[in-house]
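Going line by line, the protein sequences match chains A and B. Under the numbering used here, the letters of the first sequence match residues 4 to 458, in that order. Under the numbering used here, the letters of the second sequence match residues 721 to 1019, in that order. Let me begin by presenting the structure, written as structure tokens, before commenting on it.
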Amino acid sequence: MKKVVAILLCLTLLLTLFGCSGGSGGASTASPADSGSEAASPADSGAPASTDDSGDKITLKMLRLGSEEAFKPIFDPIVANFEQEHNNIDVDFSVMGWSEAATKLRLLAASEDLPDVTFINIINGYALAHEGYLKNLKPLFEADADLQADFPPSLIQAATFEEGLYWMPAAVGAFSMWYRKDLLEEAGLDPNSPPQTWEDVITYGKQITEKTGVPAFGFGAKSSSEETADFVYSLYSSYTGVPIWDPASRSFTIGQGNNRELFKQALEMMYGIVNESGIIPPNPSEYNCREFANSLYNKECAMIIDGVWAGKTFKEELDKGADSVIAATTFPAGPAGSNAIVGVDGWAMAESTKHPEEAWTLLKYLINEENQAAHSSQYGLLPMLNSMQGRPEFSNPHWAELTKQLETAVPRPQDYQISMVSLHVSDAFASYMLGRMTVDEAIDYMIDSVAAELE
Amino acid sequence: MEPHNKIHKRRRAGLSSAAPYAYIAPSVLIILVILGIPLLNLIWYSFAKVSIVGQLQKWVGLSNYGYLFSKQFAQTLGRTGIWVVFGMAGMFVIGMILSLCLNKPMPGRGFLRAAVIVPWVIPHVFSATMWMWVFDSQNGLLNNILKALGLIDQSIGFFSVGTAMATVIWIRIWKGTPFIIMSMLSAMQAIPSELEEAAQLDGATGAKYFWKVMLPLLKPVLLMSGIILLAWSITTFDIIYVTTAGGPLGATEIISISIFNEAFVKHNLGRSSAIAIFTMIVVSFAGYFLMRKNMKGAD
């Protein structure tokens, strides 16, 4: 009897195992806090996109990368309005943390489970586009005259990869400089004349540090950091006038013309700032340049390099308009001007979507003037559409300065291995800043390491 | 021809000998599916160039394993060695000291025994994040306290190139010591009190008692704990990933971080798999030899 019971229990266990193995869709896990301190719901939660049974209601999956805390309040009303205006479409909206996106998006794409409309950033976008997981939106975009008229060509160019347009820009921001007028004033400087060049940064910085006692320039040289790499790309372009990467030949432009010499000058100038000027906080190897927004807000430094997205940290202050003690200006200029990198993230359509027309309808809805204005103003993104210029949400003075940066912005390296390129660029920069390599060794390391790992 | 009852007996004997295998079959199946298939995949990937989503691009033979002989990997091994040796030494020394203290009767011993386990039950990611806040060089608790006490003028960079490894090793020690304490306390409880009394009568007290009597009795537990901690230490990922991500400049890049970077930053799944296979072999051999030694010692 005992044996019979034991055998029955074993069979039950076996059947249960096989019965459970048929589920799909991946585990629903909350992600750990990443730099935006967000929780994430996975892209594949909720109902899968249902095919049209009776010819009526369909479900589209929509995914935003970032913080659930930040984006649910922005997009829930937009989604609700869309569903009201389009009775035949339900939208299953979710948010995924940035740190999850690096791996999870590609796994979703490979299993043809990428949401119909997905927010894409460059780090993921180029790779997904290269592997054929994103729909080329160029034909759709070029067939829509109104849409074409509303987008600055420079943004479309920055979102173009391998001759295709794989996402519609929706989150745009360039590196700029944020500064505190009150600290400039305390140091005896004109608060309305912020530094415009790197020489100004050093001069102002020394005076501010001396007179106020706070490290004037919040800057770090953290290795293996995309933010550090973004800074290097901006610095390079401000000295040479060209982007650091040539997408056609998939190589650096450092060896062209006088670029290497100019790049050396830029790096040596930064070395002086980091090691000799005394104007940056201690222990620069622990931070990247974008980790000082809170310090600026707390009056622990006077100037930082960051993008429009830093504005979220001091939104309360910025909303004071002309009375705000925090203001923005363009990225410090080098000999070739102020040519900071511009981040152009946006909405993409999955190649595997079963409802391309509806997905395109949703995508266009997300980037129309009203919804894009809500997205931009509430999250702190640039008013990128031509139709958004002059809107009251963007009337504060800092918007004009940040938008001005777009005129001379350059794209990040347009390559599907941008993560690897950024890793080596940031490591080379940090190695030189920390005195582990000479400037020539750092540049050679950058070039050789990337060349060795290019596919 | 065999008598009917003998055939029947042989059949019953056959069924009886097959029955245990039937009972363990579901468990073996689970292990094969959950462990075996991914392991086979890993071995397969290690001989190929594979995309991040597992698509085989081409066979590359042993070239992924060639990386294991590179200077870069040697440096990673060196850092892993430092991490393991100092981490385990710290855990054992501090764990042993605290175990000896907590083994003595004292007021509040129960509370203290519960309190020392707290680091172990706190999730790794939270622990690492917490210590990041403590050691932060801009606004960290420790720097603020040291500055307030006038002991330092400028913040100490606990996550700088020269100090990051020591810092993460400290976090590892803090996290892993409770395991040693629990193992040692249990083992110490099992030592008969008559042995201690007899040792005292023979003049073996204090340090002499510890080295000559207690330690040999604790050796099997120490060895088993060591095997477990060795495996955990080599494969620890979250503490370092959250605090330094292997930086700055690779100062804290141990094997587990290297596997992650190869797979998810450089998208080189083949090389990542080769490193993972190597790690598995090393840990398995180390565990095997230590266990064999333990069993010989027991004999």
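We put the beta carbon where it would ideally sit given N, CA and C, even for glycine. All figures in this text were calculated on a predicted structure; none of them were measured in a lab.
**Request:** Please state whether DSSP places S179(A) in a helix, a strand or coil.
**Result:** strand
**Request:** Whole angstroms is fine: what's the gap from E361(A)'s alpha carbon to Y765(B)'s?
**Result:** Cα-Cα distance, rounded: 39 Å.
**Request:** Can you give me the start and stop residues for the alpha helix (DSSP H) that T231(A) sits inside?
**Result:** E229 to T243
**Item:** Interface residues of chain A facing K986(B) [CB-CB closer than 8 Å]
**Value:** S422, M423, L426 and E456
**Request:** Indicate the three-state DSSP secondary structure (helix, strand or coil) for A36(A) in the structure shown.
**Result:** Residue confidence is low: A36(A) scores 33 on pLDDT, short of 50, so the model does not pin down where it sits. No coordinate-derived value is stated.
**Request:** Please classify N761(B): does DSSP put it in a helix, a strand, or coil?
**Result:** helix
**Asked** Should Q792(B) be flagged as near chain A, meaning a C-beta pair shorter than 8 Å?
**Response** No - not a single Cβ of chain A is within 8 Å of the one on Q792(B).
**Message:** Quick check on DSSP: helix, strand or coil for E41(A)?
**Reply:** Model confidence at E41(A) stands at a pLDDT of 33, short of 50, so the residue's coordinates are unreliable; what they give is reported in the following sentence. Looking at E41(A) - three-state DSSP - the assignment turns out to be coil, as it is neither helix nor strand.
**Message:** Using C-beta distances below 6 Å, list every residue in its chain close to R239(A), excluding the 5 sequence neighbours before and after it, in chain order.
**Reply:** Checking the sequence, you will find Tyr at residue 239(A) rather than Arg. Its chain contains I247 and F266 as the residues whose beta carbon lies nearer than 6 Å to that of Y239(A), once the 5 sequence neighbours on both sides are disregarded; these appear in chain order.
**Message:** Per DSSP, what are the beta-bridge partners of D93(A) in this structure?
**Reply:** T62(A)
**Prompt:** How big is the Cα-Cα spacing for D813(B) and R833(B)?
**Reply:** Before going on, a small fix: residue 813(B) reads as Val here, not Asp. Roughly 17 Å between the two C-alpha positions.
**Asked** Is the Cβ of F831(B) closer than 8 Å to any Cβ of chain A?
**Response** no
**Item:** Proximity test, A927(B) beta-carbon vs the ligand COA heavy atom, cut-off 7 Å
**Value:** This structure does not include the ligand COA; it has no bound ligands of any sort.
**Through-space distance from Y435(A) to A224(A), alpha-carbon basis** = Rounded to the nearest whole angstrom, the C-alpha separation of A224(A) and Y435(A) is 9 Å.
**Request:** Output the distance between the C-alpha atoms of V780(B) and G990(B), rounded to the nearest integer angstrom.
**Result:** 9 Å
**Request:** Would you mind giving the Cβ-Cβ distance between S241(A) and A336(A), rounded to the nearest angstrom? I have them listed as a contact below 8 Å.
**Result:** Cβ-Cβ separation between S241(A) and A336(A): approximately 6 Å, consistent with a contact (criterion under 8 Å).
**Message:** Are the CB atoms of I960(B) and I974(B) within a distance shorter than 8 Å?
**Reply:** I960(B) sits close to I974(B), with the two beta carbons spaced by under 8 Å.
**Item:** Positions along the segment 254-287 of chain A whose CB lies within less than 7 Å of some CB in chain B
**Value:** P284, P285 and N286
**Request:** Below 8 Å on the Cβ atoms is my guess for S380(A) versus E404(A); work out the distance and round it to an integer in Å.
**Result:** Contact doesn't hold; Cβ gap of about 16 Å is too wide.
**Asked** Taking Cβ-Cβ distances below 8 Å as the criterion, which residues of the segment 962-978 of chain B are in contact with chain A?
**Response** Under the 8 Å Cβ criterion, the segment 962-978 of chain B contributes V962, A965, G966, G967, P968, L969 and G970.
**Request:** With a 10 Å radius around its C-beta and 16 neighbouring C-beta atoms as the bar for buried, classify W894(B) as buried or exposed.
**Result:** buried
**Item:** Residue closest to N859(B), alpha-carbon to alpha-carbon, out of V204(A), P284(A), T231(A) and F255(A)
**Value:** P284(A)
**Request:** Express the C-alpha separation of P843(B) and A30(A) in angstroms, rounding to a whole number.
**Result:** Here A30(A) scores only 33 on pLDDT, less than 50, and its place in the model is too uncertain to base an answer on.
**Asked** If you compare alpha carbons, which of T887(B), L822(B) and L871(B) is closest to S847(B)?
**Response** T887(B)
**Prompt:** From W890(B), P898(B) and I901(B), pick the residue whose C-alpha is nearest to that of V1020(B); which is it?
**Reply:** There is simply no residue 1020(B) to check, as chain B begins at 721 and stops at 1019 in what is shown.
**Message:** With distance defined between alpha-carbon atoms, name the residue in A177(A), P250(A), K138(A) and Y136(A) nearest to S312(A).
**Reply:** It should be pointed out that residue 312(A) corresponds to Trp in this sequence rather than to Ser. Out of A177(A), P250(A), K138(A) and Y136(A), A177(A) has the C-alpha closest to the C-alpha of W312(A).
**Request:** Out of V1002(B), L969(B) and L749(B), state which residue places its alpha-carbon closest to the alpha-carbon of Q792(B).
**Result:** L969(B)
**Message:** Rounded to whole angstroms, what is the Cα-Cα separation between Y290(A) and D856(B)?
**Reply:** Answer to the nearest angstrom: the Cα atoms are 10 Å apart.
**Asked** Is E289(A) close to chain B, meaning its C-beta is less than 8 Å from at least one C-beta of that chain?
**Response** Yes - at least one Cβ of chain B is within 8 Å of the one on E289(A).
**Message:** Contact criterion: CB-CB distance below 8 Å. Does S434(A) meet it with respect to chain B?
**Reply:** yes
**Prompt:** Taking the DSSP output, what are the residues bridged to R439(A)?
**Reply:** For R439(A), which the question treats as bridged, DSSP gives no partner whatsoever.
**Asked** When DSSP builds the beta bridges, which residues end up paired with M99(A)?
**Response** Paired residues: L68(A).
**Request:** Would you kindly work out how many angstroms separate the C-alpha atoms of A412(A) and E86(A), rounded to a whole number?
**Result:** 37 Å
**Message:** Against I10(A), what residues of chain B qualify as contacts under a CB-to-CB distance less than 7 Å, listed in chain order?
**Reply:** Simply A742.
**Prompt:** Are the C-beta atoms of F767(B) and some chain A residue less than 8 Å apart?
**Reply:** no
**Message:** Can you look up G858(B) in the DSSP assignment and give me helix, strand or coil?
**Reply:** A small correction: the amino acid at residue 858(B) is Gln; Gly does not occupy that position in the sequence shown. Of the three classes helix, strand and coil, the one that applies to Q858(B) here is coil, per DSSP.
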